[in-house]
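Peer 1: First the structure, then my questions, so here it is.
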Amino acid sequence: MFITLEGPEGSGKSSQIGLLAEFLRQQGYSVVVTREPGGTPIGDQIRHVLHDVANTAMSFPAELLLYSASRAQLVNELIRPSLAAGKVVLCDRYADSTLAYQGYGRKLNLTDLQSITQFATGGLKPDLTLLLDIDVERGLARRRDGGEEMNRLDLEVVSFHQRVRDGYHQLVLEDPDRWVIVNADQPVTAVQANLQTIVLEHLQKRHHVNSQSSAD
Ligand code: TMP
555 MFITLEGPEG SGKSSQIGLL AEFLRQQGYS VVVTREPGGT PIGDQIRHVL HDVANTAMSF
615 PAELLLYSAS RAQLVNELIR PSLAAGKVVL CDRYADSTLA YQGYGRKLNL TDLQSITQFA
675 TGGLKPDLTL LLDIDVERGL ARRRDGGEEM NRLDLEVVSF HQRVRDGYHQ LVLEDPDRWV
735 IVNADQPVTA VQANLQTIVL EHLQKRHHVN SQSSAD
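Numbering (our numbering), first residue to last: 555 to 770.
Structure (structure tokens):
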């Protein structure tokens, strides 16, 4: 099962994904945790180029293609083989980040983005996507106060991040069965408890469907 976490800056995805993986392993699942951009040696090199605050000259199309290149490598090197081995893959950001940031944020053409993403991923879509939702100003403040390293996109104006958040909500409306929105403006333990309930329910439902179809 392929599960992705999405959200605006400061939504706490990275700490939540680690806790969620630990919980699922305790439940007996074999879990692979990864992130975008990055997750592979080649992807990590691309991540460095993408996030370097010195790269102010990067064009929007180049940015899009670098995120997509990192994704193509991750899908082929790690995600598809892990899914084929029956593992649960938890990915911190995936193609929806491209639609939210490069599409709604940068205002690149969404149809172009969809075909590039289709090419990069071979059409691999998540089974479940969790949107860790938080008010933009709250999220940016959390990130600053948390002393986290600022990347090139963190330095964008607030209106950019607002378009990203609104973009996520639009994506949820377009594919409501795949998404679950979780309020990320709560204590870490409360957010984690919600995530655990949602994910466990999906895994059990899927197990039930699979065992039904093999019994048929
Ligand atoms: P993060 O690892 O701290 O979430 O940082 C990733 C940054 O990259 C974040 O600002 C969102 C951005 N991003 C995109 O703009 N497009 C993408 O396709 C992905 C995966 C990330």
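All C-beta atoms, glycine included, are put in the ideal place defined by N, C-alpha and C.
Computed from a predicted model, the values in this text were never measured in an experiment.
1. Is SER613 near ligand 3, going by C-beta to nearest heavy atom under 7 Å?
2. Specify whether the segment 660-677 and the segment 561-574 touch according to this definition: at least 3 beta carbon pairs, one from each stretch, less than 8 Å apart.
3. With DSSP run on the structure shown, which of helix, strand or coil describes ASN737?
4. Is the beta carbon of GLY572 sitting closer than 8 Å to the one on VAL745?
5. Can you tell me whether ASP646 is buried or exposed, with buried defined as 16 or more other CB within 10 angstroms of its CB?
6. What does DSSP give as the partner residues of LEU685 in its beta bridges?
7. Could you check whether the Cβ of ARG692 sits closer than 7 Å to any heavy atom belonging to ligand 1?
8. Suppose contacts are defined by Cβ-Cβ distances below 8 Å. Is HIS642 in contact with ILE557 by that definition?
9. Quick check: what's the CA-CA separation for ILE688 versus VAL736?
10. Tell whether a beta-carbon distance below 8 Å holds between ALA639 and LEU725.
11. Which residues does DSSP pair with THR588 in a beta bridge?
12. With a 10 Å radius around its C-beta and 16 neighbouring C-beta atoms as the bar for buried, classify GLU617 as buried or exposed.
13. Could you spell out the range, first to last residue, of the alpha helix (DSSP H) harbouring ASP606?
14. Can you tell me the Cβ-Cβ gap for ARG634 and ALA649, rounded? I've got them flagged as a contact below 8 Å.
15. How many whole angstroms separate the CB atoms of ASP622 and ALA674, which I take to be in contact at a CB cut-off of 8 Å?
16. Run through DSSP, which three-state label would THR594 get?
Peer 2: Quick answer:
1. In the structure shown, ligand 3 is absent; the only ligands present are ligand 1.
2. no
3. strand
4. no
5. buried
6. GLU560, ILE735
7. no
8. It should be noted that the sequence gives Val, not His, for residue 642. It is a contact, given that the beta carbons lie within the stated cut-off.
9. 9 Å
10. no
11. CYS645
12. buried
13. Segment: none, ASP606 is in no alpha helix (DSSP H) and carries neither H nor E.
14. So it is not a contact: roughly 14 Å between Cβ atoms.
15. In the sequence under discussion, the amino acid at residue 622 is Ser, which differs from the Asp named in the question. Right, the Cβ-Cβ distance comes to about 4 Å (below 8 Å), so this counts as a contact.
16. coil
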